[in-house]
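Going by our numbering, 113 is the number at position 113 of the sequence shown; the sequence numbering is gapless.
Here is the structure we will look at.
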Amino acid sequence: MEVKIDNWNNRRYQIGYALSGGFIKGFAHLGVMQALLEHDIKPDIISGVSAGALAGVFYADGNEPHKVLDYFTGHKFQDLTKLVIPKKGLFELSEFVDFLRTNLKAQKLEELQIPLIITATDLDHGRMVHFHRGSIAERVAASCCMPVLFAPVNIEGSHYVDGGLMMNLPVSSIRRICDKVVAVNVSPIMAEDYKMNIVNIALRSFHFMFRANTFPEREKADLLIEPYNLYGYSNTELEKAEEIFEQGYKTASEIIDNLLIERGKVWK
Numbered sequence: 001m002e003v004k005i006d007n008w009n010n011r012r013y014q015i016g017y018a019l020s021g022g023f024i025k026g027f028a029h030l031g032v033m034q035a036l037l038e039h040d041i042k043p044d045i046i047s048g049v050s051a052g053a054l055a056g057v058f059y060a061d062g063n064e065p066h067k068v069l070d071y072f073t074g075h076k077f078q079d080l081t082k083l084v085i086p087k088k089g090l091f092e093l094s095e096f097v098d099f100l101r102t103n104l105k106a107q108k109l110e111e112l113q114i115p116l117i118i119t120a121t122d123l124d125h126g127r128m129v130h131f132h133r134g135s136i137a138e139r140v141a142a143s144c145c146m147p148v149l150f151a152p153v154n155i156e157g158s159h160y161v162d163g164g165l166m167m168n169l170p171v172s173s174i175r176r177i178c179d180k181v182v183a184v185n186v187s188p189i190m191a192e193d194y195k196m197n198i199v200n201i202a203l204r205s206f207h208f209m210f211r212a213n214t215f216p217e218r219e220k221a222d223l224l225i226e227p228y229n230l231y232g233y234s235n236t237e238l239e240k241a242e243e244i245f246e247q248g249y250k251t252a253s254e255i256i257d258n259l260l261i262e263r264g265k266v267w268k
């Protein structure tokens, strides 16, 4: 079941970005958005889930994509999380919430320079929620809250986890209100090598299930960008943010340039 918040979906926008989940690979979103910006493809609204919500909120807050990397420079995974006795999750996101509050100019979604829709999963009621209003930090954290790894985020009495459980590429949330939608999927399904042990088998199965819901969303986009050069990055390697950014930038630049040469346009 999908819950719509407010009346944000009654407006009309020319271009929307739909940004997927992907944990550390989310820095590739910034590279893709930098390439899009340089080709004058700018969003009037952004829809983000998990890592896409994180990349999207810094852009929507008025930062040029390549400048967002500065906020994360010098930080490690441990700086943004707190290891706890695992009752609800291995880590809590209170430090991450504080990081967002400190580094974002806007504190509420309705204060952002570009409208941002954040998708999360309501764990208590088993439904998808698209946040459009309210405190940014808690809602981004909720959308990024991978189950088991992180303890669910409590917002107004309900517990939320990663929006990617139900919609890891949030095109549908803005499709009807946008003339064109750019979908950026930094977590395409790839059958890379893996270790044959119980932990890796479980994680691989989880990721396949997590990403499978992107298939119908991909078809709804007018421009799809999927970096396939992000294999091998550990989810805790914040120090690789710039390298991941460059991979996204390279992929998007090549896709856009090739489309312009072959079709004379980037849209379907």
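Ideal Cβ placement from N, Cα and C applies to all residues, glycine included.
Quiz item: Cα separation between residue 85 and residue 111?
Solution: Note on residue 85: pLDDT 46, under 50, position unreliable in the model; no value is reported.
Exercise. Would you kindly check if the distance between the Cβ of residue 230 and the Cβ of residue 28 is under 8 Å?
Key: One thing to note: residue 28 has its Cβ within 8 Å of the Cβ of residue 230.
Practice problem: State the start and end residues of the unbroken alpha helix (DSSP H) segment that holds residue 249. | Solution: Counting along the chain, the unbroken alpha helix (DSSP H) around residue 249 starts and ends at 241-262.
Self-check item: Length-filtered (3 minimum) beta strand (DSSP E) runs lying within the stretch 159-224
Solution: Runs of the beta strand (DSSP E) inside the stretch 159-224: 178-184.
Exercise. Would you tell me roughly how many angstroms separate the C-alpha atoms of residue 228 and residue 142, rounded to the nearest one?
Key: Taking the straight line from one Cα to the other gives about 27 Å.
Quiz item: Who are residue 52's beta bridge partners in DSSP?
Solution: Secondary-structure assignment with DSSP links residue 52 through no beta bridge to anything.
Quiz prompt | Whole-angstrom C-beta distance between residue 140 and residue 118, which should lie under 8 Å | solution = In this structure residue 118 is in contact with residue 140, their Cβ atoms being roughly 6 Å apart against a cut-off of 8 Å.
Practice problem: Count the C-beta pairs between the stretch 147-154 and the stretch 7-18 that are closer than 8 Å, then say yes if the count reaches three, no if not. | Solution: No, because fewer than three Cβ pairs between the stretch 147-154 and the stretch 7-18 fall closer than 8 Å, the two stretches do not touch.
Exercise. Figure out for me which residue from 220, 167, 146 has the closest Cα to the Cα of residue 181.
Key: Out of 220, 167, 146, the CA that lies nearest to the CA of residue 181 is found in 220.
Self-check item: Rounded C-alpha distance that separates residue 24 from residue 102
Solution: Annotation: residue 24 to residue 102 spans about 21 Å, alpha carbon to alpha carbon.
Self-check item: Selection from 132, 106, 69 that minimises the alpha carbon distance to residue 48
Solution: For residue 48, the closest C-alpha among the options 132, 106, 69 is that of 132.
Practice problem: Determine the closest residue to residue 183 out of 218, 204, 209, 121, with distance taken between C-alpha atoms. | Solution: Residue 218 is the option with its Cα nearest to residue 183.
Quiz item: Taking C-beta to C-beta, are residue 31 and residue 262 nearer than 8 Å?
Solution: Taking 8 Å as the Cβ cut-off, residue 31 and residue 262 do not qualify as a contacting pair.
Quiz item: Mapping DSSP to helix, strand and coil, what is residue 26?
Solution: DSSP places residue 26 in helix when its eight states are reduced to three.
Quiz item: How many angstroms separate the CA atom of residue 17 from the CA atom of residue 39?
Solution: Approximately 14 Å, taken between the alpha carbons.
Self-check item: Boundaries of the alpha helix (DSSP H) in which residue 103 is found, first to last residue
Solution: 94-103 is the span of the alpha helix (DSSP H), which, as asked, contains residue 103.
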